[in-house]
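Peer 1: Numbering (full-length UniProt numbering) for the sequence shown: 1 to 639.
By construction, the Cβ of each residue, glycine as well, lies at the ideal position given by its N, Cα and C atoms.
Please read all numbers here as calculations on a predicted model, not as lab measurements.
Next up is a structure, given as structure tokens.
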Amino acid sequence: MGQKPKNQKIRAQKYNKRRSLTEEWENPSALIDADADPRHETLHLDRSSAQAAYGFFYISFVHATALSMKKQSENRGANNISLCLLCAHQAQPCDGVALQMTLLFFITRPSRVRASKIAIAQFHEHAVGISRNRPEVIQNPENWIVKVICTLCVRTHSLDACLDYFSKTLTPSIAFEVVRGLNNPELALKFFQLSRVNLNLCHSFRTYSFLLRSLSEMGLHESAKAVYDCMNIDGHSPDASVLGFLVSSATDAGKFKIARTWVDGVEFSLVVYNKLLNQLVRGNQVDEAVCFFREQMGLHGRFDSCSFNILIRGLCRIGKVDKAFDLFNEMRGFGCSPDVITYNTLINGFCRVNEVDRGHDLLKELLSKNDLSPDVVTYTSIISGYCKLGKMEKASILFNNMISSGIKPNAFTFNILINGFGKVGDMVSAENMYEEMLLLGCAPDIVTFTSLIDGHCRTGKVERSLKLWHELNARNLSPNEYTFAILINALCKENRLHEARGFLRDLKWRHIVAQPFMYNPVIDGFCKAGNVDEANVILAEMEEKRCKPDKITFTILIIGHCMKGRLSEAISIFNRMLGTGCAPDSITMTSLISCLLKAGMPNEAYRIMQIASEDFNLGLKSLKRNVPLRTNTDIPVAV
1 MGQKPKNQKI
11 RAQKYNKRRS
21 LTEEWENPSA
31 LIDADADPRH
41 ETLHLDRSSA
51 QAAYGFFYIS
61 FVHATALSMK
71 KQSENRGANN
81 ISLCLLCAHQ
91 AQPCDGVALQ
101 MTLLFFITRP
111 SRVRASKIAI
121 AQFHEHAVGI
131 SRNRPEVIQN
141 PENWIVKVIC
151 TLCVRTHSLD
161 ACLDYFSKTL
171 TPSIAFEVVR
181 GLNNPELALK
191 FFQLSRVNLN
201 LCHSFRTYSF
211 LLRSLSEMGL
221 HESAKAVYDC
231 MNIDGHSPDA
241 SVLGFLVSSA
251 TDAGKFKIAR
261 TWVDGVEFSL
271 VVYNKLLNQL
281 VRGNQVDEAV
291 CFFREQMGLH
301 GRFDSCSFNI
311 LIRGLCRIGK
321 VDKAFDLFNE
331 MRGFGCSPDV
341 ITYNTLINGF
351 CRVNEVDRGH
361 DLLKELLSKN
371 DLSPDVVTYT
381 SIISGYCKLG
391 KMEKASILFN
401 NMISSGIKPN
411 AFTFNILING
421 FGKVGDMVSA
431 ENMYEEMLLL
441 GCAPDIVTFT
451 SLIDGHCRTG
461 KVERSLKLWH
471 ELNARNLSPN
481 EYTFAILINA
491 LCKENRLHEA
501 RGFLRDLKWR
511 HIVAQPFMYN
521 PVIDGFCKAG
531 NVDEANVILA
541 EMEEKRCKPD
551 KITFTILIIG
561 HCMKGRLSEA
571 ISIFNRMLGT
581 GCAPDSITMT
591 SLISCLLKAG
601 MPNEAYRIMQ
611 IASEDFNLGL
621 KSLKRNVPLR
631 TNTDIPVAV
């Protein structure tokens, strides 16, 4: 019984002490002005008042704790935010400047605070100067300021409340550490603009260089250009390594105008120049690449054979082989010697525009040189040009010269010759070339077999083509859509529709994107045979494979249904053709109108003729004279 009053007395003493502390600090006029808002109060401390500041921070902390306890008793459901005492648990500020930044950090983020007795005791020990010996995490106060500024930039929407303090503490070296520590180019750019515009801070060369690289790596080339302009205004000149990186990055992103502004007036390495030239050529800006080349050549004169090769390749690609040849002749005047790549590029350009003899002359010139020799690409380009023109005799002679000079042909060379012999119907030579290909240990591919199959189908030897089909499957080669289309078309020409139908079914098990030209011969074959129902089934399978019918498909079906007298279905297919956005041609319209006129359906013929003339601008004057306008509308549609 005696213990209970004693416990009550102790609890009463603790309550009175806590209450007195709360009442004392509910009006803290002794330390803080009553009109001031402590959340926005900026505390200016110097090094000599660091100890007093620690004491003030301790008193403020106790005050916040007391108020928190009072509010917690009124609203027990409130969630309190724990304040981690950075001075006791993390890094301890060692002077007034660092402490000022610490207080500013917490003042700008007001919250209810919950403190433990241990935390208060640890802070009190540090404030009165009797803290335990523990190593300081941050020795340099600037590092602490950098850490706080980075945190504010990440977590605060506006830094305007901190501008007054930043103006007294921010230096170019601290700004560089902040830009590097943010690890976010967009956020770093925001801080850069704020400090430069609002605080008139002159950033260092390191800050500009780091920010330019970061923005370029993130693809923010317009922002990098703005920072680059500010850099020039502040009197900093970027070095060649930074500009080279900016030019390469902008060029890779297709920002050629920005890259050109960085290039003007600065001398770069050849790698940077060639990269810009190559990207311009790849972006189909060959003329601009040539102009840039000539401008820079007049300023610096620093280009090599690789630069010329890039431009020659671009000019040949767009068919300007004469300009490419002029550039080829200018190379030696600039101290550059053409290499094998230069010759191969120009020879291929001549052959692509069917000027094979000029390409052959370059081959002879190359053979006359002691330091250069042609390779398989050189010979194959000219052989391809002769095969394209059907000059197989010259192609064969050049092939034999290639073998005799010790250059081994590759699969591409053999495929070109086999295809060329097949196009002219010389399948004996094509088969001999195939046998020589096997003897030289060059493995045939699907292009080889497709060329052989196409050649035999052209000469009517479908059975030989089917044997080659089985051979390529035995070699585990996957046929492509052209292999299927060649065989299907050949089988349909011989009226072997069911075999062709089997190849279409085989498509279901192949990873081939179906094309209309693979189905059209079979649909046409069944329509000509009068089996339009099977043609409609094939059309459904075609759409099931997500292959959209084209103009030829619809025309075949329309004519097929008209030939069977199923004109209503033909008209329905025509309307469906228009609905899919497939524009008919004169063959489609003429065939349908002729069939409608023969069936005694002039009104339908007139409607389709109006569609042809108004929507598709097709002139069908020869049919207009045979169409009686506004005839009896009661004529039934034939089925």
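#1: Using DSSP with H/G/I as helix, E/B as strand and the rest coil, what is D33?
#2: Taking only runs that begin and end inside the UniProt repeat "PPR" (480 to 514), name each unbroken alpha helix (DSSP H) of 4 or more residues, in chain order.
#3: What's the gap between the Cα of residue 727 and the Cα of V321?
#4: Mind the definition here: the segment 267 to 284 touches the segment 217 to 236 only if three or more C-beta pairs lie below 8 Å; say whether that holds.
#5: Suppose you measure from the CA of A599 to the CA of E569; what does that come to, to the nearest Å?
#6: What are the start and end residues of the alpha helix (DSSP H) that includes A599?
#7: With a 10 Å radius around its C-beta and 16 neighbouring C-beta atoms as the bar for buried, classify E177 as buried or exposed.
#8: In or out: L497 buried (at least 16 other Cβ within 10 Å) or exposed?
#9: Roughly how far, in whole angstroms, is the beta-carbon of A583 from the beta-carbon of L596, given that I think they are within contact range, below 8 Å?
#10: Quick check: what's the CA-CA separation for residue 701 versus N536?
#11: Please classify N401 as buried or exposed, where buried requires at least 16 other C-beta atoms within 10 Å of its C-beta.
#12: Quick check on the burial criterion: 16 or more other C-beta atoms within 10 angstroms. Buried or exposed for A188?
#13: Output the boundary residues of the alpha helix (DSSP H) element that contains I407.
#14: Compute the Euclidean distance between the alpha carbons of F412 and F484, then round it to the nearest angstrom.
#15: Output the distance between the C-alpha atoms of I486 and A612, rounded to the nearest integer angstrom.
#16: For I418 and M433, what's the separation of their Cα atoms in angstroms?
#17: Assuming Q285 contacts F256 (C-beta within less than 8 Å), just tell me the rounded distance between them.
#18: For H236, name the three-state secondary structure that DSSP assigns.
#19: Can you tell me whether DSSP reads M437 as helix, strand or coil?
#20: In terms of residue numbering, what span does the alpha helix (DSSP H) encompassing D585 cover?
#21: Since I481 and V513 should fall inside the 8 Å C-beta cutoff, what is the C-beta to C-beta distance between them, to a whole number of angstroms?
#22: What alpha helix (DSSP H) runs, 4 residues minimum, are completely inside the segment 515 to 586?
#23: My understanding is that F421 touches M437, with C-beta atoms under 8 Å, so please give their C-beta distance in whole angstroms.
#24: Do you know offhand how far E534's Cα is from E541's?
#25: Starting from the Cα of N278, find the closest Cα among S248, E295, S214 and give me that residue.
#26: Given that a residue counts as buried once 16 or more other Cβ atoms are within 10 Å of its Cβ, and exposed if not, what is R313?
#27: Helix, strand or coil, according to DSSP, for M331 in the structure here?
#28: When we look at the beta-carbon of N27 and count the other beta-carbons within 10 Å, is it buried (16 or more) or exposed?
#29: Go ahead and pull the three-state DSSP assignment for D339.
#30: Label Q296 either buried or exposed according to how many other C-beta atoms from any shown protein chain fall within 10 Å of its C-beta, with 16 as the threshold for buried.
#31: Is L539 closer than 8 Å to I558 when the C-beta atoms are compared?
#32: Helix, strand or coil, according to DSSP, for residue 646 in the structure here?
#33: Hey, A226 and S195: beta-carbon distance below 8 Å or not?
#34: Between which two residues does the alpha helix (DSSP H) carrying S373 extend?
#35: M231 by DSSP, collapsed to three states: which one?
Peer 2: The short version:
#1: Residue 33 sits at position 33 when you count from the first residue of the sequence shown. Residue confidence for D33 is low, a pLDDT of 39 falling below 50, so the modelled location carries little weight and cannot support an answer.
#2: Fully enclosed alpha helix (DSSP H) runs of 4 or longer: 481 to 493, 497 to 506.
#3: Because the chain here runs from 1 to 639, residue 727 falls outside it and cannot be looked at.
#4: As far as the Cβ criterion goes, the segment 267 to 284 does not touch the segment 217 to 236, which means the pair count is below three.
#5: Against the sequence shown, residue 599 aligns to sequence position 599. Against the sequence shown, residue 569 aligns to sequence position 569. In a straight line, the C-alpha of A599 is about 14 Å away from that of E569.
#6: Numbered from its first residue, the sequence shown carries residue 599 at position 599. Element bounds for A599: n/a, residue is neither H nor E.
#7: To locate residue 177, count along the sequence shown from 1; it is residue 177. Counting every other CB atom within 10 Å of its CB across the protein chains shown gives E177 a total of 16 or more, marking it as buried.
#8: For the purposes of this step, residue 497 is identified with residue 497 of the sequence shown, where counting begins at 1. Per the 10 Å Cβ criterion, buried.
#9: Here residue 583 refers to the residue found at position 583 of the sequence shown. Here residue 596 refers to the residue found at position 596 of the sequence shown. Taking a contact as a CB-CB distance under 8 Å, the pair A583 and L596 does not count as one, their CB atoms being some 20 Å apart.
#10: Because the chain is modelled from 1 through 639, residue 701 falls outside the range shown and cannot be assessed.
#11: On the sequence shown, position 401 is the one that residue 401 refers to. Under this definition N401 is an exposed residue.
#12: Taking the first residue of the sequence shown as 1, we reach residue 188 at position 188. Residue environment for A188: buried (at least 16 other C-beta atoms within 10 angstroms of its C-beta).
#13: On the sequence shown, position 407 is the one that residue 407 refers to. Looking at the DSSP string, I407 is not in any alpha helix (DSSP H), and its letter there is neither H nor E.
#14: For this step, residue 412 is matched to residue 412 along the sequence shown. For this step, residue 484 is matched to residue 484 along the sequence shown. Going by the C-alpha atoms only, they are around 21 Å apart.
#15: Locating residue 486 in the sequence shown gives position 486, where the first residue counts as 1. Locating residue 612 in the sequence shown gives position 612, where the first residue counts as 1. So the alpha carbons of these two residues sit roughly 34 Å apart.
#16: Reading the sequence shown from its first residue, position 418 is the one you call residue 418. Reading the sequence shown from its first residue, position 433 is the one you call residue 433. I418 and M433 have their C-alpha atoms spaced approximately 6 Å apart.
#17: Here residue 285 refers to the residue found at position 285 of the sequence shown. Here residue 256 refers to the residue found at position 256 of the sequence shown. Yes, Q285 and F256 are in contact; Cβ-Cβ is about 7 Å, under 8 Å.
#18: The sequence position of residue 236 within the sequence shown is 236, counting from 1. Three-state result, H236: coil.
#19: On the sequence shown, position 437 is the one that residue 437 refers to. DSSP places M437 in helix when its eight states are reduced to three.
#20: Within the sequence shown, the letter at position 585 stands for residue 585. Taken as a continuous stretch (DSSP letters only), D585 belongs to no alpha helix (DSSP H), as it is neither H nor E.
#21: Sequence index remark: in the sequence shown, residue 481 carries index 481 (1-based). Sequence index remark: in the sequence shown, residue 513 carries index 513 (1-based). Correcting the residue identity first, residue 481 is Glu in this sequence and not Ile. Rounded, the Cβ-Cβ distance is 7 Å, consistent with contact.
#22: Those alpha helix (DSSP H) runs which fall completely within the segment 515 to 586 and span 4+ residues are 516 to 528, 532 to 544, 551 to 563, 567 to 579.
#23: Here residue 421 is taken as the residue at index 421 of the sequence shown, counted from 1. Here residue 437 is taken as the residue at index 437 of the sequence shown, counted from 1. Incorrect: roughly 12 Å between the Cβ atoms, too far for contact.
#24: Translated into the one-based positions of the sequence shown, residue 534 becomes position 534. Translated into the one-based positions of the sequence shown, residue 541 becomes position 541. So the two alpha carbons sit approximately 11 Å from each other.
#25: Mapped onto the sequence shown, residue 278 falls at position 278. Distance from the Cα of N278 is smallest, within the candidate group S248, E295, S214, for S248.
#26: To locate residue 313, count along the sequence shown from 1; it is residue 313. It is buried - the Cβ of R313 has at least 16 other Cβ atoms within 10 Å.
#27: Taking the sequence shown and counting its residues from 1, the one referred to as residue 331 is at position 331. Reduced to three states, the DSSP call for M331 is coil.
#28: Position 27 of the sequence shown, counting from 1, holds the residue named residue 27. Bear in mind that the predicted position of N27 carries a pLDDT of just 42, short of 50, making it too unreliable to give a figure here.
#29: Here residue 339 refers to the residue found at position 339 when the sequence shown is read from its first residue. Looking at D339 - three-state DSSP - the assignment turns out to be coil, as it is neither helix nor strand.
#30: As a first step, residue 296 is located in the sequence shown; it is residue number 296 there, counting from the start. Its Cβ being crowded by 16 or more others within 10 Å, Q296 is buried.
#31: To locate residue 558, count along the sequence shown from 1; it is residue 558. To locate residue 539, count along the sequence shown from 1; it is residue 539. In terms of Cβ geometry, I558 and L539 do not form a close pair [threshold 8 Å].
#32: Nothing can be reported for residue 646, as the shown portion of the chain is limited to 1 through 639.
#33: If you number the sequence shown from 1, residue 226 lands on position 226. If you number the sequence shown from 1, residue 195 lands on position 195. No, the pair does not count as a contact, with Cβ atoms beyond the cut-off.
#34: The residue given as residue 373 occupies position 373 in the sequence shown. Where S373 is concerned, there is no enclosing alpha helix (DSSP H), given that its DSSP letter is neither H nor E.
#35: Counting from 1 along the sequence shown, the entry for residue 231 is found at position 231. Residue state, collapsed to three classes: helix.
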